[in-house]
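Participant: Residue numbering for the sequence shown follows our numbering, beginning at 44 and increasing consecutively. Here's a structure for you.
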Amino acid sequence: VPTVAIVGRPNVGKSSLVNRILGRREAVVEDVPGVTRDRVSYDASWAGRRFLVQDTGGWEPDAKGMAQSVARQAEVAMKTADAIVLVVDATVGATSTDEAVAKVLRRSKTPVLLAANKVDDERLESEAASLWSLGLGEPFTVSAAHGRGTGDLLDRILEALPETPRESVLTGGPRRVALVGKPNVGKSSLMNKLTGEDRAVVDNVAGTTVDPVDELVELGGKIWNFVDTAGLRKKVQQSSGHEFYASLRTRSAIEAAEVAVLLIDASEPITEQDQRVLTMIIEAGRALVIAFNKWDLVDEDRRTQLEKEIDRDLSRVPWARTVNISAHTGRAVQKLVPALETALESWDKRVSTGQLNTWLKAVIAETPPPMRGGRLPRVMFATQAATRPPTFVFFTTGFLEAGYRRFLERKLREAFNFDGSPVRVNVRVRE
Ligand code: GDP
Numbered sequence: 044v045p046t047v048a049i050v051g052r053p054n055v056g057k058s059s060l061v062n063r064i065l066g067r068r069e070a071v072v073e074d075v076p077g078v079t080r081d082r083v084s085y086d087a088s089w090a091g092r093r094f095l096v097q098d099t100g101g102w103e104p105d106a107k108g109m110a111q112s113v114a115r116q117a118e119v120a121m122k123t124a125d126a127i128v129l130v131v132d133a134t135v136g137a138t139s140t141d142e143a144v145a146k147v148l149r150r151s152k153t154p155v156l157l158a159a160n161k162v163d164d165e166r167l168e169s170e171a172a173s174l175w176s177l178g179l180g181e182p183f184t185v186s187a188a189h190g191r192g193t194g195d196l197l198d199r200i201l202e203a204l205p206e207t208p209r210e211s212v213l214t215g216g217p218r219r220v221a222l223v224g225k226p227n228v229g230k231s232s233l234m235n236k237l238t239g240e241d242r243a244v245v246d247n248v249a250g251t252t253v254d255p256v257d258e259l260v261e262l263g264g265k266i267w268n269f270v271d272t273a274g275l276r277k278k279v280q281q282s283s284g285h286e287f288y289a290s291l292r293t294r295s296a297i298e299a300a301e302v303a304v305l306l307i308d309a310s311e312p313i314t315e316q317d318q319r320v321l322t323m324i325i326e327a328g329r330a331l332v333i334a335f336n337k338w339d340l341v342d343e344d345r346r347t348q349l350e351k352e353i354d355r356d357l358s359r360v361p362w363a364r365t366v367n368i369s370a371h372t373g374r375a376v377q378k379l380v381p382a383l384e385t386a387l388e389s390w391d392k393r394v395s396t397g398q399l400n401t402w403l404k405a406v407i408a409e410t411p412p413p414m415r416g417g418r419l420p421r422v423m424f425a426t427q428a429a430t431r432p433p434t435f436v437f438f439t440t441g442f443l444e445a446g447y448r449r450f451l452e453r454k455l456r457e458a459f460n461f462d463g464s465p466v467r468v469n470v471r472v473r474e
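Below you can see the structure in the form of structure tokens.
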């Protein structure tokens, strides 16, 4: 099924447009403030043709600001979607963020359509004309809120979609893996080991689109796509003074992947830098495998010490899969495969609404949520709003405190097993 990505800065009406395309109102789940949401995709159809709508809304601006954050969305869309709709607010005109994103999208081989939103009536049509300046062709005027022009936009989207969709994250194909970790942890060594003499590097697989910086590798009888390996090959990331770029690179590799292998040097104490990469993986909502590398250098004492560090520094990811490896000797490197498979299985997992609510009743009966503002919030219903990662929404009569949300996550994990994957718990309060 082909995928259409909707990108744009916040408040231009992306979610409204997604809802309009889906023809239903409740599809897009609002987030709890501060909860970063990742790509979510929905089934849609128009004129008898099925496609997926990928909503990239809700991304928080990162340290480099909004333009950077939205440009990153666009980069991801260019790698994963079959058509991209850039939404801009016609009543505001092209902002510097819109321009930065358009600049990225002008390089896109994936077709890009420009939607000029909030054109609620004819008088505003002319204002949209200034958006030609973005260099993305004709702006299609729409009003997502009122439905004006959205049918025409959908017709254009269908025209732009290829007959055969690319093999993407959403439509199958080799699973995408990122090897990440601080400099000198052994990423390049591991990559070399994985692609070494005894293993064939696969050049191409029919029907698969791979970026030039990605590598297809056969492991455990399956083909895996190691994303963004250029830096690991050329070792550019090690030169000093490039830490900022190394971190951008890490982030973009994580975002292009479905599962991240976080390499940690087992022979030395766990560092802040390890923690920062771990945070990126969790925030991006990717499946996770932790590989303790340089195991050949670990003696009994270091091992005892490492166990303490794991308890102290990695307590936020008790669900992570870990393997002890040596990229140098090749020790246990093949154990990565079952760990990757388990993590991805959890990441893809869907719990039926029936199962979920049977579980919910039992959990609440045993441990009801604590009082808030003198009232006892009722948890009425839960649904799994998304997979990759599993994202749950609890409908309640009052906000649930963080402690209780963590409790629900723990209980979800016990009941349904999400080893190797982050799980998101959102709350939607209904008055
Ligand atoms: P990268 O910066 O993460 O790509 O790290 P490299 O792969 O370049 O490795 C940095 C250094 O650590 C090199 O000197 C490697 O030979 C060494 N190294 C990598 N993995 C291991 C390992 O498992 N054991 C030992 N003893 N050394 C390793």
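All C-beta atoms in this analysis are idealised placements derived from N, C-alpha and C, irrespective of residue type, glycine included. Being a predicted model, the structure only gives us computed values, none of them experimental.
Quick one: what's got a C-beta closer than 6 Å to Val406's C-beta in the same chain, skipping five residues either side?
Facilitator: Stepping through the sequence shown from its first residue, residue 406 is reached at position 363. Here the set comprises Lys454.
Participant: Using a 10 Å radius around the Cβ and a threshold of 16 neighbouring Cβ atoms, would you call Gln398 buried or exposed?
Facilitator: Start at 1 with the first residue of the sequence shown, and residue 398 comes out as number 355. Burial call: exposed.
Participant: Using the beta-carbon count (16 or more within 10 Å), is Asp98 buried or exposed?
Facilitator: By one-based count along the sequence shown, residue 98 stands at place 55. Answer is buried; the Cβ neighbour count reaches 16.
Participant: Per DSSP, what kind of secondary structure is Gly77 in: helix, strand or coil?
Facilitator: Position 34 of the sequence shown, counted from the first residue, corresponds to residue 77. For Gly77, the predicted model reports a pLDDT of 32, less than 50, meaning its position is unreliable; a value from the coordinates is still stated below. Gly77 falls in the coil class under three-state DSSP.
Participant: Out of Glu457, Thr434, Pro420, which one is the CA nearest neighbour of Val393?
Facilitator: The residue you call residue 393 lines up with position 350 of the sequence shown. Going by the sequence as given, residue 393 is Arg instead of Val. Of the candidates Glu457, Thr434, Pro420, the one whose C-alpha sits nearest the C-alpha of Arg393 is Thr434.
Participant: Identify whether Arg329 lies in helix, strand or coil by the three-state DSSP scheme.
Facilitator: Working through the sequence shown from its first residue, we reach residue 329 at position 286. In this structure, Arg329 counts as coil in the three-state DSSP scheme.
Participant: Alpha carbon to alpha carbon, how far is Leu259 from Asn247? Give it in angstroms, no decimals.
Facilitator: Taking the first residue of the sequence shown as position 1, residue 247 is located at position 204. Taking the first residue of the sequence shown as position 1, residue 259 is located at position 216. Note on Asn247: pLDDT 42, under 50, position unreliable in the model; the coordinate value appears next. When rounded, the distance between both Cα atoms is 7 Å.
Participant: Would you kindly work out how many angstroms separate the C-alpha atoms of Arg149 and Thr184, rounded to a whole number?
Facilitator: Counting from one through the sequence shown, the residue named residue 149 turns up at place 106. Counting from one through the sequence shown, the residue named residue 184 turns up at place 141. Looking at the two C-alpha atoms, the distance is approximately 20 Å.
Participant: Fully enclosed by the stretch 413 to 454, which beta strand (DSSP E) runs are 3 residues long or longer?
Facilitator: 422 to 429, 434 to 439
Participant: From the DSSP output, in three-state form, read off Arg292 for me.
Facilitator: Looking up residue 292 in the sequence shown gives position 249. If DSSP states are grouped into helix, strand and coil, Arg292 belongs with the helices.
Participant: Can we count Lys337 as close to the ligand GDP, meaning its CB is less than 7 Å from some heavy atom?
Facilitator: For the purposes of this step, residue 337 is identified with residue 294 of the sequence shown, where counting begins at 1. At least one heavy atom of the ligand GDP is nearer than 7 Å to the Cβ of Lys337, so yes.
Participant: Looking at the unbroken alpha helix (DSSP H) that takes in Trp390, where does it start and where does it end?
Facilitator: As a position in the sequence shown, residue 390 is number 347, starting the count at 1. Residues 379 to 391.
Participant: By the three-class DSSP mapping on this structure, what secondary structure does Asp271 have?
Facilitator: Translated into the one-based positions of the sequence shown, residue 271 becomes position 228. Here Asp271 carries a coil assignment [DSSP, helix/strand/coil].
Participant: Locate the beta strand (DSSP E) running through Arg471, then write down its first and last residues.
Facilitator: Sequence index remark: in the sequence shown, residue 471 carries index 428 (1-based). Residues 467 to 472.
Participant: Over what stretch of residues does the alpha helix (DSSP H) that includes Glu142 continue unbroken?
Facilitator: To locate residue 142, count along the sequence shown from 1; it is residue 99. Glu142 -> alpha helix (DSSP H) spans 139 to 148.
Participant: State the CB to CB distance for the pair Val376 and Lys236, rounded to an integer number of angstroms; the pair is presumed to be in contact (CB under 8 Å).
Facilitator: Locating residue 376 in the sequence shown gives position 333, where the first residue counts as 1. Locating residue 236 in the sequence shown gives position 193, where the first residue counts as 1. Between Lys236 and Val376 the Cβ distance is about 6 Å, and since that is below 8 Å, they are a contact.
Participant: Out of Ser231, Glu170, Leu157, Leu167, point me to the one whose CA is closest to Asp195's CA.
Facilitator: Along the sequence shown, one-based indexing puts residue 195 at 152. With distances taken between Cα atoms, Asp195 lies closest to Leu157.
Participant: Given Thr372, which residues of its chain have a CB within under 6 Å of its CB, disregarding the five upstream and five downstream residues?
Facilitator: Residue 372 sits at position 329 when you count from the first residue of the sequence shown. Hits under 6 Å: Asp339.
Participant: On the three-pair Cβ rule with 8 Å, is the stretch 382 to 392 touching the stretch 457 to 466?
Facilitator: They touch, by the three-pair rule.
Participant: Tell me where the alpha helix (DSSP H) around Arg359 begins and ends.
Facilitator: Here residue 359 refers to the residue found at position 316 when the sequence shown is read from its first residue. From DSSP, Arg359 is part of no alpha helix (DSSP H); its letter is neither H nor E.
Participant: What residue range does the beta strand (DSSP E) around Leu196 cover?
Facilitator: Stepping through the sequence shown from its first residue, residue 196 is reached at position 153. That residue, Leu196, is in no beta strand (DSSP E); its alpha helix (DSSP H) goes 193 to 203.
Participant: Assess, as a yes-or-no matter, whether the stretch 328 to 345 is touched by the stretch 260 to 276 under the definition of 3 or more beta carbon pairs within less than 8 Å.
Facilitator: no
Participant: Compare the C-alpha of Ile324 against each of Glu202, Trp402, Asn54, Ala296 and name the closest.
Facilitator: The residue given as residue 324 occupies position 281 in the sequence shown. Selected option, being the one with the closest Cα: Ala296.
Participant: Do Lys337 and Ala309 have their beta-carbon atoms positioned less than 8 Å apart in this structure?
Facilitator: Position 266 of the sequence shown, counted from the start, is the residue given in the question as residue 309. Position 294 of the sequence shown, counted from the start, is the residue given in the question as residue 337. In this structure, Lys337 lies closer than 8 Å to Ala309 by Cβ.
Participant: What do you reckon, is the C-beta of Ser290 under 7 Å from a heavy atom of the ligand GDP?
Facilitator: Mapped onto the sequence shown, residue 290 falls at position 247. The answer is no for Ser290.
Participant: Which residue comes first and which comes last in the alpha helix (DSSP H) that contains Arg115?
Facilitator: Counted from its first residue, the sequence shown places residue 115 at position 72. Per DSSP, Arg115 belongs to the alpha helix (DSSP H) from 109 to 123.
Participant: State buried or exposed for Gln427, treating a residue as buried only when at least 16 other CB atoms are found within 10 Å of its CB.
Facilitator: Here the question's residue 427 lines up with position 384 in the sequence shown. Looking at its Cβ environment, which holds 16 or more other Cβ atoms inside 10 Å, Gln427 is buried.
Participant: Measuring straight from C-alpha to C-alpha, what distance separates Arg418 and Ala117?
Facilitator: Looking up residue 418 in the sequence shown gives position 375. Looking up residue 117 in the sequence shown gives position 74. Going from the Cα of Arg418 to the Cα of Ala117 covers about 44 Å.
Participant: What three-state label does DSSP hand Leu157 in the structure shown?
Facilitator: If you number the sequence shown from 1, residue 157 lands on position 114. Leu157: strand per DSSP, three-state reduction.
Participant: Between the C-alpha atoms of Ser88 and Thr46, what's the straight-line distance to the nearest angstrom?
Facilitator: Reading the sequence shown from its first residue, position 45 is the one you call residue 88. Reading the sequence shown from its first residue, position 3 is the one you call residue 46. Rounded to the nearest whole angstrom, the CA to CA distance from Ser88 to Thr46 is 11 Å.
Participant: Got a sec: does the ligand GDP put a non-hydrogen atom nearer than 7 Å to the Cβ of Ser232?
Facilitator: For this step, residue 232 is matched to residue 189 along the sequence shown. It does: the Cβ of Ser232 is within 7 Å (strictly closer) of some heavy atom of the ligand GDP.
Participant: Opposite Phe461 in the DSSP bridges: which residues?
Facilitator: As a position in the sequence shown, residue 461 is number 418, starting the count at 1. Answer is none; Phe461 lacks a bridge partner.
Participant: Going by alpha carbons, who is nearest to Leu331 out of Arg191, Glu384, Arg374, Asp354?
Facilitator: Position 288 of the sequence shown holds residue 331. Cα-wise, what sits closest to Leu331 is Glu384.
Participant: With a threshold of 7 Å (Cβ to nearest heavy atom), would Ser395 be considered close to the ligand GDP?
Facilitator: In the sequence shown, residue 395 corresponds to position 352, counting from 1. False, no ligand heavy atom lies under 7 Å from that Cβ.
Participant: Quick one: Cα of Ser464 to Cα of Lys225, how far?
Facilitator: Residue mapping note: residue 464 aligns to position 421 of the sequence shown, counting from 1. Residue mapping note: residue 225 aligns to position 182 of the sequence shown, counting from 1. Going from the Cα of Ser464 to the Cα of Lys225 covers about 21 Å.
Participant: Got a sec? Which residues, its chain only, sit under 7 Å from Arg199 by beta carbon, not counting five neighbours each side?
Facilitator: Against the sequence shown, residue 199 aligns to sequence position 156. Contacts found: Leu156, Phe183.
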